[in-house]
Structures are given as C-alpha cells and as structure tokens.
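First comes the structure, then the notes that go with it.
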Amino acid sequence: MQEKWNEYAKLLVEVGANVQKGQTLMLSSPIECAPFARLCASAAYGAGCREVVVIWGDDALNRERFLRADDAVFDEVPAWTRHLYNDYAEENAAFLAISARDPEALRGVDPKRISRSQLARFKALDPFYTAQMNNSLAWCIGSVPIPSWAKKVFPDVDEREAMDRLWDAIFEAVRIKGDGKAVERWREHLALMDKRTQKLNELHFKTLHYTNSLGTDLTIELPADHVWAAGAATTPRGQIFVANMPTEEIFTAPLKTGVNGVVYAALPLVVNGNVVDGFHFVLKDGKIVEAHAKTGEEFLKAAISVDENACYLGEVALVPYDSPISNQNILYYNTLFDENARCHLAFGRAYPECVEGGDKLSNEELEARGLNQSAAHNDFMIGTADLSIVGATADGREIPVFTEGNFAI
Ligand code: ZN
Ligand code: ZN
C-alpha cells in the first residue's frame, strides 16, 4: 500500500500539477487526508518546489459554519482569502486540490446560504478562477478516501473495509498498480484521447442529437469555432498539466442559446453537500426552463439559480459507457469519478479553451462567441448503455458519434 501511495502522490505532483523547479505549490486538502497531503508535499519538494503552502479543509467545521455563523458572512470574502488565492495565482504557483467530501456534509443547510457563499467567492476570487478556467495556471484535482465518503460508496461493509475498497477503486481509476509504471500508462492514455479529440475537431459538427430510453431527446448546437479538448492542457509558459485525475472525457462547450429538448440524469449528483437524484431538465434556447428531481429538487434549483446564467449549459463531454471507471460499476458520489464514467453536461460556466483562441478572450468576448459565463459549473451525468448521439455537419451530413453508449467514430 505504501508504495502505491507514494506513486500516487508523485503522479499528482509530477504529471497532474507538474510542479516545476522553483515554483510554489498551493496544496488544499481535507484535514483527514493529512498523511497523504504530506506525501504530496514531499513529492513536490523532491521535484524542486520552492514552497508548499497548505490549506486545510474540514467537513464538520464547514457544516457548523453554514449552520451557525452570522448570516452576513455568506456574502463576504475576507481580504486574506482573496490575497491567498489571487496572489499565488498572480505569482504563477501550481495548485493541487485533494478533493474528498462527505457527499451529504451539508444536509439540512439552507441552500441559499450555499449559493450566496459560492457567488461571493466567485466574485472575490475572480483572478484565480479566471486563471484556472483559461489554463494560465497549472492545476490538478485528485481524490483520496475519507471514512464518511467511503461509507456512502460502500454502505454494507464496516468503515475499515470501505476505506480499503475505495482506495483500491481509486488506484484502479488512476492506473496505479504499484509497479512504478503509472506515468507511462498515463502518457499512453493521454495520447489515445488526443487522437479521438483530433477526429472530433476535424468533423466539426454543427449539432449533436442525444437520445436514449430514459427519455432524453436533446439537440445541442456547438459554437461555429468550437474546439474539443481532453486530458492535458498547457499554460502560456509551456507547463503541461492534467487538471483532473482520473480523466476519461473529451469535452467542448455548447452554444449558450443553442440547446433544446429534454435530458434525463443517468446518475445521482452531489451538489453543494447534498445528493440530488432522479432528475431531468427541459431546455429551450439554451435555458433550463424546467428542473424536476425525485430527491433534492430544492438543491438542484438553488444550484441552477446561483446567478442568471447558471441555468445555461457550459460543457458537453463524451465518455464511453464501456470505459475503465464505468466498468467498475461504482457510484462514487464524487463528480471527479462519476463524470469520468459517463457522458455528461455541465450547467454554468464554459471553459475558454473550447473556442478557437478562447484563452486570450475576456469574459464579454467569450459570451459573444456563445460561451456561457457563470459562477456555477456543475457536471451532471447523462450517459447510458443505450445512448445514441448523432452529429450533423454544416453541409447536412449526419454521422453517428455514439451508438449503444460507446464511440462510433
Ligand atoms: Zn467534465
Ligand atoms: Zn465540468
């Protein structure tokens, strides 16, 4: 186990964030993951990192704050928090986030407090978020188990076994076998995704039409100069990084006002510390005009109304049904994994790299090119074993992109 932990920490630091000699690493981690965070810090210093700056998170304290702090604090972001994120972004630090949460950490919290807090942070940390969204800084999100999360994923076994099983599942998902060859395996994987991405860019679809037996019947128009992306990205300084580990998706942005029809979720979604299940959206001219959920509808509705554009889509991502994480048949209750098991969409902000030259455009210019701008960005999973996606080109050709849940191109 120790060898796998070391290999994983090294993978996140050297391939994920790809920390450079002399560069600062900002590492955020739940307090329960301290032993693993220390391995990451050690790997970073091993790679010549200037300094590892650590930000600890804690589900229980976060929950207490949302339940009991003065109401005014949810509209404020203190100057020190702004400086922490914005200054390190400005200084070109790399960012590594260990994401592990109790999926129901914020059960019972007023969803308005969560949205207000999200919006306040989005505004105050705009320089940081913008740099992250347009790849001008190197960032990576990885996950390690914590007991509350592991028990939600494996409810039928005791905590210890649930932790072991979740570790095994994560190692498998990130291609770590303990043989020291994870980096090589990642290079091969990234190259394969690159090939398919190029193919999609050559086909240059005008629309994608999604249908399946859940009832999804959705047409997504793509911006005229859209770009598909996957796997690794490169900062303006040439630092190649992998923002999500694992990653199996090839993604672009929809045309903000070009999405019409109905789309059913294929998996539950954890949104702001609450589980939303059995939901569907009706979209008209890009806008979600109806949102229904069997469980957690109020949290879904709060999430799509964080601001005026949270109810428009910002991401279209393709993931084969027959893929490593999907084949594990584990519902992770963690978007980092669940999004890489299924085709998904996101409501909220689009990634600038999804249009030609987008990294250099202002938010207003991106909006003008059809890319949605919002404080929200939440992936939700829609892929099923019978999903069909047909692409239409500008000259009217129809080409199957997905049949029976898998790539047809
Ligand atoms: Zn995604
Ligand atoms: Zn996303």
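For the sequence shown, this note's numbering begins at 1361 and goes up steadily by one.
Note that the Cβ used here is the ideal one computed from N, Cα and C, for glycine as well.
Distances taken from the Cβ of PHE1601 to the heavy atoms of ligand 1 include none shorter than 7 angstroms.
In this structure ILE1742 is in contact with THR1576, their Cβ atoms being roughly 6 angstroms apart against a cut-off of 8 angstroms.
Taking each of GLN1492, GLU1436 and ARG1467 in turn and checking the Cα distance to GLN1478, the smallest one comes out for GLU1436. Straight through space, the alpha carbons of THR1763 and HIS1652 are spaced by roughly 27 angstroms.
For SER1683, the secondary structure class from DSSP, reduced to helix, strand or coil, is coil. Non-local beta-carbon contacts of ALA1533 in its own chain, meaning distances under 8 angstroms to residues more than five positions away in sequence, involve PRO1606, PRO1684, ILE1685, GLN1688, PHE1697 and ASN1700 in chain order. Put simply, the stretch 1517–1525 does not touch the stretch 1482–1498. Fewer than three CB pairs are less than 8 angstroms apart. In this structure, ALA1593 has its CB at a distance of at least 7 angstroms from all heavy atoms of ligand 1. With a minimum length of 3 residues, the unbroken runs of beta strand (DSSP E) contained wholly in the stretch 1680–1733 fall at 1704–1708. Here GLU1450 has PRO1487 as same chain residues with Cβ atoms under 7 angstroms from its own Cβ, once five neighbours each way along the sequence are excluded.
With respect to CYS1400, ALA1369 sits close: the two C-beta atoms are nearer than 8 angstroms. A heavy atom of ligand 2 is found nearer than 7 angstroms to the CB of ALA1706. Burial is judged here by how many other beta carbons sit within 10 angstroms of a residue's own beta carbon; HIS1704 has at least 16 and is buried. Here the distance from the Cβ of GLU1608 to the nearest heavy atom of ligand 1 is not below 7 angstroms. The residues ASP1462, in chain order, have a CB closer than 6 angstroms to that of SER1508 in the same chain once the five nearest residues on each side in sequence are set aside. Per DSSP, the beta bridge partners of THR1655 are ASP1637. The stretch 1734–1748 and the stretch 1520–1530 do not touch, with fewer than 3 CB-CB distances between them shorter than 8 angstroms. Annotation for ASP1470 indicates a beta carbon at 7 angstroms or more from all heavy atoms of ligand 2. A straight line joining the alpha-carbon of PRO1596 with that of THR1490 spans about 14 angstroms. In this structure, PHE1611 lies near GLU1675, with their beta-carbon atoms less than 8 angstroms apart. The distance from the Cβ of ALA1613 to that of PHE1601 is about 20 angstroms, inconsistent with a contact at the 8 angstroms cut-off. The beta carbon of LEU1560 sits closer than 7 angstroms to those of TRP1588 and ILE1610, all from its chain and outside the five residues before and after it, given in chain order. In the structure shown, GLY1376 adopts helical secondary structure according to DSSP, grouped into three states. Taken in chain order, the complete alpha helix (DSSP H) segments of 4 or more residues contained in the stretch 1525–1577 are 1542–1563.
In the three-state reduction of the DSSP assignment, PRO1487 falls in the helix class.
Remark: the C-beta of HIS1549 is outside contact range of ligand 2, defined as less than 7 angstroms to any heavy atom. Residue state for PRO1760 is assigned as strand, using DSSP reduced to three classes. The stretch 1584–1613 contains, as complete beta strand (DSSP E) runs of 3+ residues, the segments 1592–1594, 1600–1602 and 1610–1612 (chain order).
About 18 angstroms separates the beta carbon of SER1503 from that of ALA1454, a gap too long to meet the 8 angstroms contact definition. Beta-bridge annotation (DSSP): THR1753 is paired with PHE1565.
Relative to ligand 2, the nearest heavy atom lies less than 7 angstroms away from the CB of ASP1739. A buried status is given to ALA1670, since no fewer than 16 other beta-carbon atoms sit within 10 Å of its beta-carbon.
Going by beta carbons, ALA1662 and LYS1472 fall inside the 8 angstroms limit. Judged by beta-carbon spacing, ASN1732 lies beyond the 8 angstroms limit of TYR1681, meaning their Cβ atoms are not closer than that value.
From the listed residues TYR1624, VAL1649, VAL1631 and GLU1713, the smallest Cα separation to ARG1702 is found for TYR1624. Nearest to LYS1644 by alpha-carbon distance, out of GLU1608, LEU1627, THR1695 and ILE1580, is ILE1580.
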